[in-house]
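The structure under discussion appears below in the form of structure tokens.
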Amino acid sequence: MHTIPAGLQAFDVKGPIPTCGRWKDTMPKTRDPAAYRLYINARKLWRSKIAWQLTRQEALGILHDVQAAANQGDWGARALMAYFYRNGLGPLEKNHVLDPDADKLVEILRSAVAAGQAWGYYDLGVAHEHGYGGAAQDEQIAWAYYRKAAELGSPEAQMALASAYLKAERRDAEEVMVMCAYAQGHGPAAYDLGMSAKLRKDFRAALEYYQAGTRFGSKEAAVSLMFFFDSKEWSLRDKQEQAALKGLEILPDPERENRYHQIYQALDLNPDLKLTRLDKVLPLPPAELPEWNGIQDAIEPEPDGPPSY
1 MHTIPAGLQA FDVKGPIPTC GRWKDTMPKT RDPAAYRLYI NARKLWRSKI AWQLTRQEAL
61 GILHDVQAAA NQGDWGARAL MAYFYRNGLG PLEKNHVLDP DADKLVEILR SAVAAGQAWG
121 YYDLGVAHEH GYGGAAQDEQ IAWAYYRKAA ELGSPEAQMA LASAYLKAER RDAEEVMVMC
181 AYAQGHGPAA YDLGMSAKLR KDFRAALEYY QAGTRFGSKE AAVSLMFFFD SKEWSLRDKQ
241 EQAALKGLEI LPDPERENRY HQIYQALDLN PDLKLTRLDK VLPLPPAELP EWNGIQDAIE
301 PEPDGPPSY
């Protein structure tokens, strides 16, 4: 048993529900535009291909630019470097440019915690749960970090606490935590809410949560909507479900099915996509479908003004 670090509290699944914040509130208010652009362009290249498709030169360029942006103080770049140190970069001999390095990973996480950033608390909790990079393996410490991360607004931590509450059969607390994550545009939370609504046969709520999840970048939500409009899936539904869906004007629709399938494929490659224009190009019934030029119609355009998180 190790000592819980100062400033953290043990997580008690039977205790009061922690307050939940917004992760963006823990990040610096401004970002250096040059460092941000270096980072974001490298990230876009990294997300544009399946990992094994990257050439060695591309992988080296990505690593160089992300590291440079991290050295210039961009926290998005530092978070991505943490990911690279956790997983390595380049899965094949021909494009492998970085080995996993748990010590360097945890070094970045500790600096993020020192800066009060929610993602750092969550990821350092993961390090303590599994015991790597000099972080002592201790579940109590890990869950203390998850608790603090949830309070600071980490959606991943909020979902972790939700899972713990579900196992303890505290459905009220589970819902609070899932809604905390959902309110921040967290795709997995929207998908979770959609699944729960579907199990209750509340198809209108399920559709709306899945649509929100797709906007937030959840490929699981997109594929769930795809199946709602798939003729084969429709034929497998019982008469009561078919009647309920007909009442919502949800019927087999090859065009809607195809659009959600395209979105699923894009999100499977690049989960960074935010489809803020989804409702304009792929609204739920009874709205009619507008013209479709591809998934680019649904993607959030590049923002004007200084970069933000």
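In terms of the UniProt record's numbering, the numbers along the sequence shown are unbroken and rise by one, the last being 309. Where a beta carbon is used, it is the ideal one built from N, C-alpha and C, also for glycine. All values derive from a computational prediction rather than experimental measurement.
Just to check my reading of the structure: Pro149 and Glu129 have Cβ atoms closer than 8 Å, yes? What is that Cβ distance to the nearest angstrom?
Here residue 149 is Ala; the residue named in the question, Pro, does not match the sequence. No, Ala149 and Glu129 are not in contact; Cβ-Cβ is about 12 Å, not under 8 Å.
Could you tell me which of Arg215, Glu255, Gln240 and Ala243 sits nearest to Phe227, measuring between CA atoms?
Relative to Phe227, the option among Arg215, Glu255, Gln240 and Ala243 whose CA is nearest is Glu255.
Please identify the residue among Ala10, Tyr209, Arg171 and Pro286 whose C-alpha is closest to the C-alpha of Gln140.
Ala10
Bridge partners for Leu98 per DSSP, in chain order?
Leu89
Got a sec, what are the start and stop residues for the alpha helix (DSSP H) Tyr132 sits in?
Element bounds for Tyr132: n/a, residue is neither H nor E.
Is Glu151 near Gly21, with beta carbons less than 9 Å apart?
Yes, Cβ-Cβ distance for Glu151 and Gly21 is below 9 Å.
In or out: Tyr291 buried (at least 16 other Cβ within 10 Å) or exposed?
In the sequence as presented, Tyr is not what sits at residue 291; that position holds Glu. Glu291 is exposed by the Cβ-count criterion.
Report yes if the CB atom of Ile17 is closer than 9 Å to the CB atom of Val176, and no otherwise.
yes
Measuring CB to CB, does Ala77 end up less than 9 Å from Ala70?
yes
If we count the other Cβ atoms within 10 Å of its Cβ and call it buried at 16 or more, is His96 buried or exposed?
Its Cβ having fewer than 16 others within 10 Å, His96 is exposed.
In the DSSP assignment, find the alpha helix (DSSP H) that holds Gly247 and state where it starts and stops.
Lys239 to Gly247
Spell out a yes or no on whether the segment 72-87 and the segment 112-122 are touching, meaning 3 or more CB-CB pairs, one atom from each, closer than 8 Å.
With the rule of 3 Cβ pairs closer than 8 Å, the segment 72-87 counts as touching the segment 112-122.
Grab me the residues of Pro155's own chain with a C-beta within less than 8 Å of its C-beta, minus the 5 sequence neighbours each way, in chain order.
Cβ within range, chain order: Trp23, Cys180, Ala181, Gln184, His186, Pro188 and Ala189.
For Arg37, the first and last residue of its enclosing alpha helix (DSSP H)
Pro33 to Arg47
DSSP state of Ser154, grouped into three classes?
coil
If the criterion is Cβ atoms closer than 9 Å, does the pair Gly90 and Glu107 meet it?
no
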